[in-house]
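Protein sequences, first through last, are from chains A and B. Just so we're aligned, residue 13 is where the first sequence starts under the working numbering, counting upward by one. Just so we're aligned, residue 13 is where the second sequence starts under the working numbering, counting upward by one. The C-beta atom is built at its ideal place from N, Cα and C for all residues, glycine as well. Presented below is the structure to which this report refers.
Protein chains: 2
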Amino acid sequence: MAAGELQVTLDAVIVAVTDETPRILVIDGEDHSPRLPSGPLDPGDRTLDRALRRFVRQQAGLEVGYVEQLYTFGDLDRSAGFVGRPECSRLLSIAYLALVRESRPAAGATWMNWYDLYPWEDQRAGPPPVLGSAIEPAVAEWVEASPTPAVRSEREERATMVFGLGGAAWDGVRVLERYELLYELGLLAESAGEDPSPSAGLGRPLQLDHRRMVATALGRLRGKLTYRPVVFELLPPTFTLFQLQRLVEALSGVRLHKQNFRRLAEGAGLVEGTGEVARTGGRPAELFRFRREVLRERPRPGVGTPWTRS
Amino acid sequence: MAAGELQVTLDAVIVAVTDETPRILVIDGEDHSPRLPSGPLDPGDRTLDRALRRFVRQQAGLEVGYVEQLYTFGDLDRSAGFVGRPECSRLLSIAYLALVRESRPAAGATWMNWYDLYPWEDQRAGPPPVLGSAIEPAVAEWVEASPTPAVRSEREERATMVFGLGGAAWDGVRVLERYELLYELGLLAESAGEDPSPSAGLGRPLQLDHRRMVATALGRLRGKLTYRPVVFELLPPTFTLFQLQRLVEALSGVRLHKQNFRRLAEGAGLVEGTGEVARTGGRPAELFRFRREVLRERPRPGVGTPWTRS
DNA sequence: ATAACTAATACTCCCTCTGAGCATTAGTGA
DNA sequence: TCACTAATGCTCAGAGGGAGTATTAGTTAT
């Protein structure tokens, strides 16, 4: 690969949720860490969208439904520290988010729990231990080590915003910003440099900057939940309200108040009961379906989540 | 240019607001319509961001502050109907949104009212006449012309969602969706095809698909207003609350309730008074400044707008 | 059978946010 | 001094949403 050469690929973050675990599809790298499904931009593809669906079909044997462009990555240091990629060539990757219902496994591809990549993002059982044991001390130290008061103020602001330190609110959407701060602090395997790094509990890396891409996807998805009915792309056509709630909790990483969730979902006209019931282990639950008409009634239908823990 | 060749550019939607008019920077095309500032991706640019700032400096003599990546356009039909571009070559454009404070004009570049591109988006003086005279009839006709009930239902849903027909709410953020529907209906100059097109009042086109890019930018900016304090990028360091309100109105295309706007801006801790006052023609107004601390206090600080007209 | 358990569903309370309007104040210019 | 302009202050009502209590309808263990 010559210096200055430009290579363009499409990368896909394919998300499915089974058993309250959000997963992404990764391709096993033999001696490397796993990587995202990714394909070249073929001159024959009329649209980028089609190109993406084509190579996802080829590589993962998957027919994706919902697809959305995420971000285009093209900085020169993307492959920093990664063997086999000269830094002088530019790698341009157009990342996509795709949601699928069924999670049929595919040859060479694996479903991977996305909280294995970002353990600190799963707050369903309260703040994860890594936060207190490794992250918050490191961030606090970084703030302390500020060379000037101005820098210190900047760092404080960032720490507060991003990790909700100092009693501030934790914003579930800021996945990427948290990832980037940890990256800068050298806490992640892919940024640790020569230091063997104390990356215990700080998640598994992916190839190149794919972990950053997935962070982008996660943040985007969490944000979109609240104003577009995207959850239903991940559900079977009929489901109980509790299933829906568990799904939203899995994606947002937060526990929700059951009764309020019901009220919200029904009150917003997001779902409607089918008369059928499902046996669930306790009192049988009514089965619901997505109410498409809500799109006509409300400008921004979605499932609200309290992003804040005080 | 050979078939199958790939050309990558960065395109910039640079926004400034003066006198309650949001404007974008365009480069005058001699015999074509205006185009966005756009530059090649240089191998020497370490990051895409820097590449953008560099060529904006070169082409428009402008130093931009806030910069955000918007979307990457790469479908094959992007240059459809545009002279001088064979359709077999793929044009990949990474579009950016940039906000600037001062609007010093630049040689070869002009500031253009963005509502000249989308007259239907400015609802500050009530629904613009084009909506009733041209758009709504055309959309209604399109719905009527549905071949099957299923298609009809889809079209109805889309018309309702996007243009707020049938008493539904108008969502200011859906700029791109409105543009795309009008495009599909053949109402816009760039989509009219052989038909000379009745594009009166339907806005001026830009080169290639640049009008679509600006629509993306506008929608994104309107959305971002509500949860990030981006407005202040467009304001001088010190301003009156009414100035701020006029700015938000200009961007969102909607009139706001003055007293409530004040309460909101102050109550949310978004701004703080400097003791100074400005002579405004009536009772002097206090000058305010952006309160940076709000970033630490609130997870998603922004100026709310009622996106809905019933 | 009956009790213990699980999970769904119903309802209440209260606080905040926000849309809308009325009222007052402090300047400018005829 | 009055008319006018624009800023500022205040009230009120309804919607939304966070949190808790109570009730119901099943399953499972004894």
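{"Item": "Contact belief for Gly231 of chain B with Leu188 of chain B at Cβ below 8 Å, rounded distance in angstroms", "Value": "5 Å"}
{"Item": "C-alpha gap between Glu298 of chain B and Phe251 of chain B, whole angstroms", "Value": "8 Å"}
{"Item": "Extent of the continuous beta strand (DSSP E) run through Gly51 of chain A", "Value": "Ser50 to Pro52"}
{"Item": "Chain-ordered neighbours of Ile39 of chain B on chain A, where CB pairs are closer than 9 Å", "Value": "The contacting residues do not exist; Ile39 of chain B stays about 23 Å from chain A at best."}
{"Item": "Contacting residues, own chain, Cβ-Cβ under 8 Å from Glu305 of chain B (five flanking each side not counted)", "Value": "Gly281"}
{"Item": "Of the residues B:Leu256, B:Leu74 and B:Leu18, the one placed nearest Val25 of chain B, counting alpha carbons only", "Value": "B:Leu74"}
{"Item": "For Tyr239 of chain A, three-class secondary structure by DSSP", "Value": "coil"}
{"Item": "Residues from the region 158–172 of chain A in contact with chain B, defined by Cβ distance under 7 Å", "Value": "Glu169 and Thr172"}
{"Item": "Backbone secondary structure at Thr317 of chain B - three-state DSSP", "Value": "coil"}
{"Item": "Neighbour flag for Arg65 of chain A against chain B, beta carbons, 8 Å", "Value": "no"}
{"Item": "Collapsed DSSP secondary structure at Val68 of chain B in the structure displayed", "Value": "helix"}
{"Item": "Among B:Asp31, B:Leu109, B:Ser264 and B:Phe273, nearest to Trp132 of chain B - alpha-carbon criterion", "Value": "B:Ser264"}
{"Item": "Complete runs of the beta strand (DSSP E) confined to the region 18–60 of chain B [at least 3 residues]", "Value": "18–30, 33–39 and 50–52"}
{"Item": "CB contact flag (Trp154 of chain A, Leu200 of chain A, <8 Å)", "Value": "no"}
{"Item": "CB contact check: Val20 of chain A to chain B, cutoff 8 Å", "Value": "yes"}
{"Item": "Of the residues A:Ser45, A:Phe85 and A:Asp54, the one placed nearest Arg58 of chain B, counting alpha carbons only", "Value": "A:Phe85"}
{"Item": "C-alpha distance - Phe244 of chain A paired with Arg234 of chain A, whole-angstrom precision", "Value": "14 Å"}
{"Item": "Contact with chain B by Gly86 of chain A, beta-carbon distance below 8 Å", "Value": "yes"}
{"Item": "Touch test, the region 23–40 of chain B against the region 257–276 of chain B, Cβ-Cβ under 8 Å, three pairs minimum", "Value": "yes"}
{"Item": "Partner residues on chain A for Ile106 of chain B, Cβ-Cβ distance less than 9 Å", "Value": "Thr84, Gly86, Leu104 and Ile106"}
{"Item": "Sub-8 Å separation of Arg240 of chain B and Gly314 of chain B beta-carbons", "Value": "yes"}
{"Item": "Leu247 of chain A beta carbon less than 8 Å from that of Gln325 of chain A", "Value": "What the structure shows of chain A is the stretch from 13 to 322, and residue 325 of chain A is not part of that stretch, so it cannot be assessed."}
{"Item": "Rounded straight-line distance, which links the Cα of Pro141 of chain A to that of Arg113 of chain B", "Value": "44 Å"}
{"Item": "Ala110 of chain A, enclosing beta strand (DSSP E) - first and last residue", "Value": "Arg102 to Leu111"}
{"Item": "Rounded C-alpha distance that separates Tyr323 of chain B from Ser145 of chain B", "Value": "Any property of residue 323 of chain B remains undetermined from this structure, which presents chain B solely from 13 to 322."}
{"Item": "Contact set for Ser50 of chain B: own chain, Cβ-Cβ below 6 Å, skip 5 residues either direction", "Value": "Thr21 and Asp23"}
{"Item": "Cα-Cα separation between Val79 of chain B and Met173 of chain A, rounded to whole angstroms", "Value": "20 Å"}
{"Item": "Val163 of chain A burial status per 10 Å Cβ neighbour count (16 or more: buried)", "Value": "exposed"}
{"Item": "Within 9 Å of chain B by C-beta, residues of the region 284–314 of chain A in sequence order", "Value": "Arg304, Glu305, Leu307, Arg308, Glu309, Arg310, Pro311 and Arg312"}
{"Item": "Close-in-space but distant-in-sequence residues of the same chain around Asp128 of chain B (CB under 7 Å, 5 per side omitted)", "Value": "Gly215 and Arg216"}
{"Item": "Cβ of Glu59 of chain A within 8 Å of any chain B Cβ", "Value": "Correcting the residue identity first, residue 59 of chain A is Thr in this sequence and not Glu. Taking Cβ atoms only, chain B reaches closer than 8 Å to Thr59 of chain A, which makes this a yes."}
{"Item": "3 or more residues per run - each beta strand (DSSP E) lying fully within the region 253–292 of chain A", "Value": "283–290"}
{"Item": "Chain A contact for Gln135 of chain B (CB, 8 Å cutoff)", "Value": "no"}
{"Item": "Through-space distance from Ala157 of chain B to Leu177 of chain B, alpha-carbon basis", "Value": "16 Å"}
{"Item": "Cβ pair Phe175 of chain B, Glu202 of chain B closer than 8 Å", "Value": "no"}
{"Item": "Closest residue to Leu218 of chain A among A:Thr33, A:Leu37, A:Gln70 and A:Arg190 (Cα-Cα distance)", "Value": "A:Leu37"}
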